[in-house]
Amino acid sequence: MSMGIAELRVQAQLSPKQLAQIAGISRATLQRLEQGHFGNLRTYERIAYALQTDLANILPEFKAPSRPTSEDLLKDLLANSGSAAPEDMPELPAGNWSPTRLTDWLLCPAKGAWSTGVFDVPSDFEWPTYERAAVGKAVHKYAESRLGGEDPNAALLTVADTTVGMDPELWLPFVEAWDASIHLTIGMPQTIEQRLEVVLGGHRITAVIDVVDENGTIRDLKTTQRLPNPISTARESLQAPIYVAAWRETTGEMASFALDYLAHHKSGIDYVQMPISVTDTDIDRVTRQLDYAADLASRPERIIPNPINKYGCTSCAFLVLCHEKFGTLTLDAPRQTVAVS
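For the sequence shown, UniProt numbering gives the first residue as 1, with consecutive numbering after it.
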(Lines of atoms letter the chains of each structure in order from A and count residues from 1; the text may use other names and numbers.)
(Lines give C-alpha, C1' and ligand atoms only; values in the text may rest on other atoms or scores of the structure.)
Protein backbone atom coordinates (compact mmCIF):
# COMPACT_ATOMS: atom_id res chain seq x y z
CA MET A 1 0.00 0.00 0.00
CA SER A 2 1.97 2.97 -1.29
CA MET A 3 0.06 5.60 0.69
CA GLY A 4 -0.71 3.56 3.76
CA ILE A 5 -3.53 3.63 6.26
CA ALA A 6 -1.14 4.87 8.96
CA GLU A 7 -0.15 7.92 6.90
CA LEU A 8 -3.78 8.74 6.15
CA ARG A 9 -4.62 8.36 9.84
CA VAL A 10 -1.82 10.75 10.83
CA GLN A 11 -2.98 13.25 8.21
CA ALA A 12 -6.47 13.06 9.71
CA GLN A 13 -4.93 13.68 13.17
CA LEU A 14 -6.39 10.48 14.60
CA SER A 15 -4.78 8.09 17.04
CA PRO A 16 -5.01 4.34 16.35
CA LYS A 17 -7.58 4.06 19.14
CA GLN A 18 -9.71 6.88 17.70
CA LEU A 19 -9.67 5.48 14.15
CA ALA A 20 -10.51 1.97 15.39
CA GLN A 21 -13.47 3.31 17.36
CA ILE A 22 -14.80 5.40 14.47
CA ALA A 23 -14.40 2.53 12.00
CA GLY A 24 -15.89 0.00 14.41
CA ILE A 25 -12.93 -2.38 14.32
CA SER A 26 -10.45 -3.58 16.91
CA ARG A 27 -7.08 -1.90 17.40
CA ALA A 28 -5.45 -5.26 16.73
CA THR A 29 -7.10 -5.40 13.30
CA LEU A 30 -6.07 -1.81 12.53
CA GLN A 31 -2.48 -2.51 13.56
CA ARG A 32 -2.39 -5.59 11.33
CA LEU A 33 -3.64 -3.61 8.32
CA GLU A 34 -1.24 -0.72 8.94
CA GLN A 35 1.59 -3.26 8.88
CA GLY A 36 0.55 -4.25 5.35
CA HIS A 37 -1.46 -7.40 6.01
CA PHE A 38 -4.61 -7.90 3.98
CA GLY A 39 -8.09 -7.67 5.48
CA ASN A 40 -11.60 -8.11 4.17
CA LEU A 41 -13.30 -5.52 1.99
CA ARG A 42 -15.85 -4.47 4.60
CA THR A 43 -13.04 -3.50 6.95
CA TYR A 44 -11.33 -1.37 4.28
CA GLU A 45 -14.65 0.31 3.50
CA ARG A 46 -15.19 1.15 7.18
CA ILE A 47 -11.70 2.66 7.43
CA ALA A 48 -12.16 4.67 4.22
CA TYR A 49 -15.44 6.03 5.55
CA ALA A 50 -13.85 6.90 8.90
CA LEU A 51 -10.99 8.72 7.16
CA GLN A 52 -13.43 10.40 4.76
CA THR A 53 -11.44 9.21 1.79
CA ASP A 54 -12.05 7.02 -1.23
CA LEU A 55 -11.36 3.32 -0.99
CA ALA A 56 -8.86 3.65 -3.84
CA ASN A 57 -6.72 5.92 -1.63
CA ILE A 58 -6.31 3.12 0.90
CA LEU A 59 -5.67 0.54 -1.81
CA PRO A 60 -3.85 2.63 -4.46
CA GLU A 61 -2.95 -0.42 -6.52
CA PHE A 62 -6.64 -0.59 -7.43
CA LYS A 63 -6.91 2.99 -8.73
CA ALA A 64 -8.98 3.22 -11.87
CA PRO A 65 -10.88 5.86 -13.85
CA SER A 66 -14.06 4.71 -12.13
CA ARG A 67 -14.62 3.28 -8.67
CA PRO A 68 -13.96 -0.48 -8.72
CA THR A 69 -16.70 -2.83 -7.61
CA SER A 70 -16.39 -5.00 -4.52
CA GLU A 71 -16.08 -8.03 -6.81
CA ASP A 72 -13.13 -6.43 -8.65
CA LEU A 73 -11.39 -5.61 -5.40
CA LEU A 74 -11.95 -9.10 -4.07
CA LYS A 75 -10.40 -10.63 -7.19
CA ASP A 76 -7.40 -8.30 -6.95
CA LEU A 77 -6.95 -9.03 -3.25
CA LEU A 78 -6.79 -12.75 -3.94
CA ALA A 79 -4.57 -12.34 -7.00
CA ASN A 80 -2.08 -9.88 -5.48
CA SER A 81 -1.87 -10.98 -1.87
CA GLY A 82 -0.18 -14.33 -2.46
CA SER A 83 -0.08 -14.94 1.27
CA ALA A 84 -3.53 -13.64 2.21
CA ALA A 85 -4.65 -15.72 5.17
CA PRO A 86 -8.02 -17.51 4.95
CA GLU A 87 -9.24 -15.68 8.07
CA ASP A 88 -8.89 -12.35 6.24
CA MET A 89 -11.80 -13.19 3.94
CA PRO A 90 -15.37 -13.55 5.26
CA GLU A 91 -16.52 -17.17 5.44
CA LEU A 92 -20.17 -16.15 5.24
CA PRO A 93 -21.89 -14.04 2.57
CA ALA A 94 -23.30 -11.95 5.43
CA GLY A 95 -19.79 -11.20 6.74
CA ASN A 96 -17.96 -12.26 9.89
CA TRP A 97 -19.17 -14.85 12.33
CA SER A 98 -20.87 -13.61 15.50
CA PRO A 99 -22.34 -15.33 18.58
CA THR A 100 -25.84 -14.98 17.11
CA ARG A 101 -24.87 -16.40 13.72
CA LEU A 102 -23.03 -19.31 15.31
CA THR A 103 -26.06 -20.02 17.51
CA ASP A 104 -28.27 -20.25 14.42
CA TRP A 105 -25.93 -22.80 12.82
CA LEU A 106 -25.70 -24.92 15.95
CA LEU A 107 -29.47 -24.92 16.52
CA CYS A 108 -30.22 -25.81 12.90
CA PRO A 109 -27.79 -25.74 9.96
CA ALA A 110 -30.61 -24.77 7.59
CA LYS A 111 -31.52 -21.78 9.77
CA GLY A 112 -27.86 -20.78 9.82
CA ALA A 113 -27.66 -21.04 6.04
CA TRP A 114 -30.79 -18.95 5.47
CA SER A 115 -29.88 -16.29 8.01
CA THR A 116 -26.29 -15.77 6.82
CA GLY A 117 -26.80 -15.85 3.05
CA VAL A 118 -25.39 -19.32 2.33
CA PHE A 119 -28.88 -20.13 1.02
CA ASP A 120 -30.39 -17.41 -1.17
CA VAL A 121 -33.45 -15.82 0.40
CA PRO A 122 -36.13 -14.64 -2.09
CA SER A 123 -36.17 -10.88 -2.70
CA ASP A 124 -39.77 -10.66 -1.47
CA PHE A 125 -39.05 -12.52 1.77
CA GLU A 126 -40.44 -10.66 4.78
CA TRP A 127 -37.89 -10.74 7.58
CA PRO A 128 -39.72 -11.08 10.88
CA THR A 129 -39.78 -8.40 13.54
CA TYR A 130 -39.94 -9.35 17.20
CA GLU A 131 -41.40 -7.07 19.85
CA ARG A 132 -39.14 -8.41 22.59
CA ALA A 133 -36.05 -7.81 20.47
CA ALA A 134 -37.20 -4.24 19.80
CA VAL A 135 -37.65 -3.69 23.54
CA GLY A 136 -34.15 -5.01 24.17
CA LYS A 137 -32.68 -2.62 21.60
CA ALA A 138 -34.49 0.30 23.20
CA VAL A 139 -33.12 -0.55 26.65
CA HIS A 140 -29.62 -0.97 25.22
CA LYS A 141 -29.89 2.44 23.56
CA TYR A 142 -30.92 4.03 26.84
CA ALA A 143 -28.06 2.39 28.73
CA GLU A 144 -25.55 3.46 26.07
CA SER A 145 -26.83 7.05 26.23
CA ARG A 146 -26.68 7.19 30.02
CA LEU A 147 -23.20 5.68 30.18
CA GLY A 148 -22.14 8.17 27.52
CA GLY A 149 -23.05 11.04 29.84
CA GLU A 150 -26.64 11.93 28.95
CA ASP A 151 -29.05 12.75 31.76
CA PRO A 152 -32.20 10.58 32.12
CA ASN A 153 -34.48 12.96 30.20
CA ALA A 154 -32.08 13.30 27.27
CA ALA A 155 -31.58 9.53 27.17
CA LEU A 156 -35.35 8.98 27.15
CA LEU A 157 -35.71 11.36 24.21
CA THR A 158 -32.93 9.51 22.37
CA VAL A 159 -34.79 6.23 22.80
CA ALA A 160 -38.14 7.76 21.87
CA ASP A 161 -36.65 9.05 18.60
CA THR A 162 -35.51 5.54 17.67
CA THR A 163 -38.71 3.71 18.71
CA VAL A 164 -41.37 5.65 16.83
CA GLY A 165 -44.54 3.56 16.69
CA MET A 166 -43.68 1.46 19.74
CA ASP A 167 -45.65 1.81 22.96
CA PRO A 168 -43.22 3.43 25.45
CA GLU A 169 -44.77 1.40 28.26
CA LEU A 170 -43.09 -1.65 26.77
CA TRP A 171 -39.59 -0.33 27.47
CA LEU A 172 -39.99 2.38 30.15
CA PRO A 173 -40.14 -0.06 33.09
CA PHE A 174 -36.90 -1.67 31.92
CA VAL A 175 -34.95 1.58 31.62
CA GLU A 176 -36.18 2.67 35.04
CA ALA A 177 -34.99 -0.66 36.46
CA TRP A 178 -31.63 -0.27 34.70
CA ASP A 179 -31.12 3.16 36.27
CA ALA A 180 -32.15 1.92 39.69
CA SER A 181 -30.32 -1.41 39.76
CA ILE A 182 -27.47 -1.54 37.24
CA HIS A 183 -26.14 1.92 36.44
CA LEU A 184 -24.27 2.57 39.68
CA THR A 185 -22.72 -0.92 39.70
CA ILE A 186 -20.83 -0.14 36.47
CA GLY A 187 -18.91 2.84 37.81
CA MET A 188 -16.63 4.57 35.30
CA PRO A 189 -16.82 2.30 32.22
CA GLN A 190 -13.62 1.34 30.43
CA THR A 191 -15.48 1.11 27.12
CA ILE A 192 -19.05 1.40 25.83
CA GLU A 193 -20.56 -0.33 22.78
CA GLN A 194 -17.15 -1.48 21.54
CA ARG A 195 -16.98 -3.46 18.31
CA LEU A 196 -14.11 -5.96 18.39
CA GLU A 197 -12.81 -8.72 16.15
CA VAL A 198 -11.07 -11.94 17.08
CA VAL A 199 -9.79 -14.89 15.06
CA LEU A 200 -10.42 -18.32 16.55
CA GLY A 201 -9.13 -21.31 14.63
CA GLY A 202 -8.94 -19.22 11.45
CA HIS A 203 -12.52 -17.97 11.80
CA ARG A 204 -12.99 -14.21 12.11
CA ILE A 205 -15.68 -13.22 14.60
CA THR A 206 -17.23 -9.87 15.41
CA ALA A 207 -18.12 -9.13 19.03
CA VAL A 208 -20.02 -6.00 20.09
CA ILE A 209 -19.48 -5.45 23.80
CA ASP A 210 -22.15 -3.48 25.68
CA VAL A 211 -19.83 -2.19 28.39
CA VAL A 212 -16.71 -3.07 30.35
CA ASP A 213 -17.16 -1.77 33.89
CA GLU A 214 -14.53 -0.04 36.01
CA ASN A 215 -13.47 -3.39 37.48
CA GLY A 216 -12.73 -4.88 34.06
CA THR A 217 -15.83 -7.08 33.82
CA ILE A 218 -17.54 -7.41 30.46
CA ARG A 219 -21.23 -6.78 31.16
CA ASP A 220 -23.94 -7.81 28.71
CA LEU A 221 -27.49 -6.56 29.23
CA LYS A 222 -30.45 -8.87 28.67
CA THR A 223 -34.19 -8.19 28.94
CA THR A 224 -36.40 -11.22 29.42
CA GLN A 225 -39.76 -12.53 30.53
CA ARG A 226 -38.24 -15.59 32.17
CA LEU A 227 -34.81 -16.16 33.67
CA PRO A 228 -32.80 -19.02 32.14
CA ASN A 229 -31.14 -21.76 34.14
CA PRO A 230 -27.79 -20.32 35.33
CA ILE A 231 -25.94 -23.63 34.98
CA SER A 232 -27.19 -24.27 31.44
CA THR A 233 -26.47 -20.66 30.51
CA ALA A 234 -22.87 -20.92 31.66
CA ARG A 235 -22.37 -24.35 30.10
CA GLU A 236 -23.82 -23.43 26.69
CA SER A 237 -22.66 -19.82 26.39
CA LEU A 238 -21.06 -18.87 23.09
CA GLN A 239 -21.07 -15.17 23.83
CA ALA A 240 -18.94 -15.23 26.98
CA PRO A 241 -15.92 -17.11 25.52
CA ILE A 242 -16.03 -15.09 22.28
CA TYR A 243 -16.24 -11.73 24.07
CA VAL A 244 -13.48 -12.60 26.52
CA ALA A 245 -11.25 -13.83 23.68
CA ALA A 246 -11.92 -10.67 21.66
CA TRP A 247 -11.12 -8.45 24.64
CA ARG A 248 -7.89 -10.36 25.28
CA GLU A 249 -6.80 -10.05 21.63
CA THR A 250 -7.50 -6.31 21.67
CA THR A 251 -6.07 -5.37 25.07
CA GLY A 252 -3.81 -8.28 26.00
CA GLU A 253 -5.81 -8.71 29.22
CA MET A 254 -8.17 -11.45 30.39
CA ALA A 255 -11.55 -10.16 31.54
CA SER A 256 -14.36 -11.58 33.62
CA PHE A 257 -17.86 -11.78 32.13
CA ALA A 258 -21.37 -11.33 33.51
CA LEU A 259 -24.91 -11.21 32.15
CA ASP A 260 -27.14 -8.48 33.58
CA TYR A 261 -30.71 -9.79 33.38
CA LEU A 262 -33.74 -7.53 33.76
CA ALA A 263 -36.63 -9.98 34.13
CA HIS A 264 -40.21 -8.76 33.78
CA HIS A 265 -42.76 -10.25 36.19
CA LYS A 266 -46.32 -9.31 37.13
CA SER A 267 -44.99 -7.66 40.26
CA GLY A 268 -42.36 -5.63 38.41
CA ILE A 269 -38.84 -6.08 37.08
CA ASP A 270 -36.11 -7.94 38.92
CA TYR A 271 -32.38 -7.55 38.34
CA VAL A 272 -30.30 -10.72 38.43
CA GLN A 273 -26.62 -10.90 37.51
CA MET A 274 -25.21 -14.18 36.20
CA PRO A 275 -21.39 -14.29 36.21
CA ILE A 276 -19.94 -16.76 33.69
CA SER A 277 -16.46 -18.10 34.23
CA VAL A 278 -14.40 -18.33 31.03
CA THR A 279 -11.22 -20.39 30.65
CA ASP A 280 -9.08 -21.34 27.67
CA THR A 281 -11.01 -24.63 27.63
CA ASP A 282 -14.25 -22.71 27.02
CA ILE A 283 -12.64 -20.72 24.22
CA ASP A 284 -11.36 -23.97 22.68
CA ARG A 285 -14.87 -25.44 22.85
CA VAL A 286 -16.30 -22.48 20.93
CA THR A 287 -13.44 -22.72 18.41
CA ARG A 288 -14.38 -26.34 17.69
CA GLN A 289 -18.04 -25.36 17.37
CA LEU A 290 -16.98 -22.74 14.83
CA ASP A 291 -15.01 -25.40 12.94
CA TYR A 292 -18.16 -27.54 12.74
CA ALA A 293 -20.39 -24.68 11.55
CA ALA A 294 -17.82 -23.35 9.07
CA ASP A 295 -17.39 -26.81 7.56
CA LEU A 296 -21.13 -27.00 6.91
CA ALA A 297 -21.19 -23.45 5.51
CA SER A 298 -18.45 -24.38 3.04
CA ARG A 299 -20.42 -27.41 1.80
CA PRO A 300 -24.06 -26.27 1.57
CA GLU A 301 -25.09 -29.41 -0.28
CA ARG A 302 -24.72 -31.29 3.03
CA ILE A 303 -27.05 -28.98 4.96
CA ILE A 304 -30.42 -30.29 6.14
CA PRO A 305 -33.03 -28.87 8.54
CA ASN A 306 -32.80 -30.03 12.14
CA PRO A 307 -36.28 -30.08 13.71
CA ILE A 308 -34.97 -32.03 16.71
CA ASN A 309 -33.75 -29.12 18.79
CA LYS A 310 -35.11 -27.33 21.82
CA TYR A 311 -36.90 -24.70 19.73
CA GLY A 312 -38.22 -26.83 16.87
CA CYS A 313 -39.46 -25.55 13.53
CA THR A 314 -42.86 -24.09 14.38
CA SER A 315 -41.74 -20.55 15.20
CA CYS A 316 -38.86 -20.43 12.70
CA ALA A 317 -39.00 -17.60 10.17
CA PHE A 318 -37.62 -19.90 7.46
CA LEU A 319 -40.18 -22.71 7.82
CA VAL A 320 -41.83 -22.08 4.44
CA LEU A 321 -38.46 -21.70 2.71
CA CYS A 322 -37.34 -25.06 4.09
CA HIS A 323 -40.60 -26.60 2.87
CA GLU A 324 -39.92 -25.31 -0.63
CA LYS A 325 -36.26 -26.40 -0.63
CA PHE A 326 -36.43 -29.67 1.30
CA GLY A 327 -40.12 -30.66 1.27
CA THR A 328 -40.40 -30.46 5.06
CA LEU A 329 -43.67 -29.75 6.86
CA THR A 330 -45.25 -26.30 6.85
CA LEU A 331 -47.38 -24.83 9.61
CA ASP A 332 -50.63 -26.31 8.28
CA ALA A 333 -49.40 -29.90 7.78
CA PRO A 334 -50.42 -32.47 8.70
CA ARG A 335 -53.99 -31.19 8.75
CA GLN A 336 -55.27 -34.20 10.63
CA THR A 337 -53.99 -37.18 12.52
CA VAL A 338 -53.92 -40.52 10.76
CA ALA A 339 -54.94 -43.72 12.51
CA VAL A 340 -52.49 -46.54 11.98
CA SER A 341 -53.78 -50.06 12.51
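From the three backbone atoms N, C-alpha and C, an ideal C-beta is built for every residue, glycine too.
Runs of the beta strand (DSSP E) lying entirely within the segment 212-257 and spanning at least 3 residues, in chain order: 217-224.
At a Cβ-Cβ threshold of 7 angstroms, residue 244 and residue 212 do not count as neighbours.
Only residues of its own chain outside the window of five on either side were considered, and among them 87, 91, 97, 290, 294 have a CB closer than 7 angstroms to the CB of residue 203, listed in chain order.
If you look at residue 321, you'll find it in the alpha helix (DSSP H) that goes 319-326.
In this structure, residue 107 lies away from residue 51, with their beta-carbon atoms at least 7 angstroms apart. In the displayed model, residue 198 falls within a strand according to three-state DSSP. When DSSP reads this structure, residue 206 sits in a beta bridge with 197. Bridge pairing for residue 263: 224, 270 [DSSP].
For residue 57, the enclosing alpha helix (DSSP H) starts and ends at 55-58. Excluding the 5 residues flanking it on each side, residue 321 has same chain C-beta neighbours closer than 8 angstroms at 114, 119, 121, 122, 125, in chain order. Taking C-beta atoms under 8 angstroms as the contact rule, residue 135 and residue 223 qualify, at a distance of about 6 angstroms.
Taking one beta carbon from each stretch, the segment 153-168 and the segment 191-199 have fewer than 3 pairs nearer than 8 angstroms; the two do not touch. By the Cβ-count criterion, residue 127 is exposed, with fewer than 16 other Cβ atoms from all chains shown falling within 10 Å of its own Cβ. A residue is called buried when at least 16 other Cβ atoms come within 10 angstroms of its Cβ; residue 275 does not meet this threshold and is exposed. Residue 114 carries a helical assignment under DSSP once its states are collapsed to helix, strand and coil. Among the bridge pairs identified by DSSP, residue 275 is matched with 258.
Of all alpha-carbon atoms in 22, 252, 29, 111, the one lying nearest the alpha-carbon of residue 305 is that of 111. Judged by their CB atoms, residue 23 and residue 47 are nearer to each other than the 7 angstroms cut-off. Following the DSSP letters along the chain, one finds residue 123 in no alpha helix (DSSP H), marked with neither H nor E. Counting the other Cβ atoms within 10 Å of the Cβ of residue 298 gives fewer than 16, which makes it exposed. Beta-bridge partners of residue 92 (DSSP): 95. Collapsing the DSSP output to three states places residue 5 in a helix.
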